[in-house]
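For reference, the structure is listed below as structure tokens.
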Amino acid sequence: MLCIETQNLLVKIKEKGAELCSIYDKERDREVLWQGDRRVWAEQSPLLFPFIGRLEESRYTYNDEQFSMTLHGFARDNVFRVVESNADSCILELRDTALSRESYPFFFRLRQSYKVEGKALFIETRVENLGVETLYFALGLHPGFQFFGKEDQISDYLVEFPLAEKEELEQVLFSEKGLVEEKRGSRALRKKGLSLSEELFLHDAPVFPETGGKVLFHRKGEEHGISVEYPDYRYLGLWQPYGKDAGFLCIEPWTSLPGRDGILEDIGEKKDMQQLYPEKEKTYSVKISLY
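In the numbering used here, the protein residues as written are 152 to 442.
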């Protein structure tokens, strides 16, 4: 486990999955990140790569071949190599292997960087194409932020989209299988805020495109909370397991959507997949800060 810190924050990262496992607020003497519970949700902040969510029949095609893929991809299940570890920053790396190429036939390097400054945690994910063909992938973060009080309910909280251009967000809808439906819904905002309730998660995660790249999460009527900025991610998902009285909310920046219902996706034809030409790389940034 790696530890990085400032006077304000202590952050811990697992080598498995390069997963955040603690964001400790020293000033308020409290843990910010969900600490995991197998009865509710065992993970804390998995890195989603090279797919997000589910695929029809848990399969996809590429160059007329079919490949199997697990929920959210395989990065979260692999041990990353520590490239660099300092008092306030660290870098972890995952490379393709013969085993990974059985389900994902690409040569890649995935680097996850964490850096703390004051009350902020900066996360950079860099994807490099080490092969001779175009690299197709999806990328997402899945941090769970635990409620500020032990007796709190989801209805005590609000999320705000301060940079949203409209007072109504388009919403991606999912089938009972957790796959993307063709039709879209909408969700009204009030003063750029969205009230939370357990019913919001009845049909899995509400996912919104074009939210402005910033969200605030706080108790209703309170000024302090958590800010998440995600300028390089098109979608934002909100999630907690329905019906489990979960004491956390996941705020999930995604580059791409899960598979479409009833369609065996061709990874080279899926419109929102990220693409990298040979020898190219791209970096995706997220900033989590306390206010």
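Heads up, the beta-carbon is just placed ideally off N, CA and C, and yes, glycines get one too.
This one's a predicted model, so the numbers in the text were calculated from it and none came from an experiment.
Inter-residue CB distance, E244 and R232 (contact presumed, cutoff 8 Å): 5 Å
I414, DSSP secondary structure in three states: Residue state, collapsed to three classes: coil.
D307 (DSSP reduced to helix, strand or coil): helix
N- and C-terminal bounds of the beta strand (DSSP E) containing S378: 376–380 is the extent of the beta strand (DSSP E) around S378.
Pair within 7 Å by beta-carbon distance, P404 and Y384: yes
Classification of A289 by the beta-carbon crowding that lies within 10 angstroms, buried from 16 upward: buried
Own chain partners of R335 with C-beta closer than 7 Å, once the 5 adjacent residues on each side are dropped: E321, Q322, V323, L324
E178 in three-state terms, based on DSSP: Reduced to three states, the DSSP call for E178 is coil.
Start and end residues, beta strand (DSSP E) containing E268: 259–268
Beta-bridge pairing of W405 - partner residues as DSSP gives them: G291, Y386
Runs of alpha helix (DSSP H) lying entirely within the stretch 154–205, each at least 4 residues, in chain order: Within the stretch 154–205, no complete alpha helix (DSSP H) run reaches 4 residues.
Cβ contact (3+ pairs, closer than 8 Å) linking the stretch 332–347 and the stretch 417–437: no
Pairwise C-alpha distance: M424 and C154: 33 Å
CB contact flag (P313, K365, <7 Å): yes
7 Å Cβ cutoff met for Y442 and S378: yes
Backbone secondary structure at A271 - three-state DSSP: strand
Start-end ranges of the alpha helix (DSSP H) lying completely within the stretch 210–251, minimum 4 residues: none
From A226, Q263, S209, residue whose alpha carbon lies closest to that of L250: A226
Member of Y381, E235, A238, W390 whose CA lies at the smallest distance from the CA of G329: W390
Continuous beta strand (DSSP E) stretch holding R341: start and end: Counting along the chain, R341 falls outside any beta strand (DSSP E), and DSSP gives it neither H nor E.
Collapsed DSSP secondary structure at F298 in the structure displayed: coil
Coarse secondary structure for S254, derived from DSSP in three states: helix
Near the ligand ATP: Y381 beta-carbon under 6 Å from a heavy atom: Of ligands this structure carries none, so the ligand ATP is not represented either.
Close beta carbons around E216, own chain, < 8 Å, minus the five adjacent residues each side: In the same chain as E216, and ignoring 5 residues on each side of it, the C-beta atoms closer than 8 Å to its own belong to P256, in chain order.
contact_flag[the stretch 275–292, the stretch 359–375] where n(CB pairs < 8 Å) is 3 or more: Fewer than three pairs of CB atoms, one per stretch, sit closer than 8 Å, so the stretch 275–292 makes no contact with the stretch 359–375.
DSSP bridge partner residues for H369 (one or two, in chain order): L309, G376
Buried or exposed (CB count within 10 angstroms, at least 16 for buried), G413: exposed
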